[in-house]
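To keep things clear, I will list the structure first and then write my remarks on it.
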Amino acid sequence: METQHRKNWLRKTEIPVVIAGPCSVETEEQLMETCKGIAATGKVDMLRGGIWKPRTSAGNFEGVGVAGLPWMKKVKEETGLPITVEAAKAGHAEMCLAFDVDVIWIGARTSVNPFSVQEIAEALRGTNVPVLVKNPINPDFKLWMGAVERFERVGIENVGAIHRGFSNTGEKVYRNRPQWQIALDFMKARPELPMICDPSHICGRRDLLQPISQKAVDLSYDGLMIETHRDPDNAWTDAKQQITPKRLGEMITELKLRLAKEADPDIQNSLSFLRQEINEIDTDLLNLLVSRMGVARKIGEYKKKNDIAIYQAKRWEEITSAAKEKGSSEGLSVEFIDKFLRAIHDESINQQEQVMKS
Ligand code: PEP
Ligand code: MN
């Protein structure tokens, strides 16, 4: 199948791939010791290292630059694992190629800028080096997809996406809000492309890595990219979110890989029964919505005859507050009820408007 084939450049087994390595390459020793520790876990498929670091604030460590590339090449030779490096400019991409970098990744502060992405893509034209594109820092599905397409258009066949979360100001739990739906939409739009989760940049703190990684595995992501350092607390960048190679090995072992095949007859039976139930409920829901809209149109006719405005704020308030209370007492999230009712209400208003205009 074509779908499977396109993913295969990265993921060759049922088990998600693991990419690990330091946020930043600091010294040759730090890189070598970290990567040897990672390789020794036997659970990692590719090594990462940041050579040029796009920092938010000025005056911070901005990476060792080109000097780090021979070190990356050396860890590749000594561990036998392929390497990936971030390129933020055309020149970075060219240097990566010169030092046999196996996969280039595009960072979140680069994928946000179509000009930069296009320049890097042009630098890679005719090379076919695989490229992984991180989501842009802002929650913009099209911008992310557009960046991926720029690489495809210059002829790169092996592309993929990395979900690293979206920048947020209010929330305190995650450094970058996951907004899973955007990544799931990506996977739905391009199921043949590998999707990697970067729990390190989503979480921003190491104690949350495990549940976020598990969630990615449960959502059928193709892999994980996890920042790993020989001495995380003293890392020059992203110290709070990095883990030791030892912890990385434990964490991957702790992940529950749900590899049971849907094709298994027992699983098929139980699932098909439950799916049938879902189908019936969905049909009921749809029929109820159709009836509800029928009533909305009748209300529209009444309002038209009596010159009453369509939108009645007080009525809307009554509907939503009762539903939120009932729904949340039954375990539904208030956010979901709100979205669900809003969608119904919007359609009701549309239907009433059609009646008013007719
Ligand atoms: C990184 O991977 O170290 C990095 C800079 O990530 P992001 O582009 O996701 O912020
Ligand atoms: Mn980092």
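Mapping to the numbering used here: the sequence shown position 88 is 1531, numbers consecutive.
For each residue, glycine too, the CB sits at the ideal point set by N, CA and C.
Would you decide whether residue i is buried or exposed? Buried here means 16 or more other CB atoms lie within 10 Å of its CB.
i	result
D1676	exposed
P1513	exposed
A1632	exposed
G1508	exposed
R1618	buried
K1704	exposed
E1600	exposed
N1451	exposed
R1758	exposed
I1655	buried
D1681	buried
A1604	buried
R1593	buried
Given a cut-off of 7 Å on the beta-carbon distance, is the pair residue i and residue j in contact?
i	j	result
H1672	P1465	yes
S1467	W1679	yes
T1553	A1531	yes
T1522	A1482	yes
A1533	I1494	no
M1694	Q1653	yes
R1568	V1597	yes
G1480	P1688	yes
E1565	W1548	no
P1698	V1738	Before going on, a small fix: residue 1698 reads as Leu here, not Pro. No, the pair does not count as a contact, with Cβ atoms beyond the cut-off.
Check each candidate in the options and name the one with the smallest Cα separation from residue i.
i	options	result
R1690	L1453, V1487 and M1475	V1487
N1556	P1573, I1547, V1591 and M1538	V1591
R1454	I1639, E1565, V1576 and H1606	I1639
H1606	I1787, Q1561, L1662 and T1612	L1662
L1636	Y1664, E1790 and C1539	Y1664
G1485	I1762, K1767, R1735 and T1696	T1696
If residue i and residue j are in contact, beta carbons under 8 Å, what's the gap, nearest whole angstrom?
i	j	result
K1748	M1799	With a Cβ gap of about 10 Å, K1748 and M1799 do not count as contacting.
Q1810	C1646	Here the chain comprises residues numbered 1444 to 1801, so residue 1810 is not present and cannot be evaluated.
S1559	N1581	Not a contact, Cβ separation roughly 15 Å.
L1474	V1544	The pair is not a contact, with the Cβ atoms about 14 Å apart (cut-off 8 Å).
I1458	L1700	6 Å
### Query
Where are the alpha helix (DSSP H) runs, 4 residues long or more, that stay fully inside the segment 1494 to 1553, in chain order?
1511 to 1522 and 1533 to 1541
inquiry  = To test your reading of the DSSP string, which unbroken alpha helix (DSSP H) runs of 4 or more residues are found completely within the segment 1447 to 1500?
reply    = Those alpha helix (DSSP H) runs which fall completely within the segment 1447 to 1500 and span 4+ residues are 1471 to 1484.
Counting only runs of 4+ residues fully inside the segment 1660 to 1709, write out the alpha helix (DSSP H) ranges in chain order. 1688 to 1697
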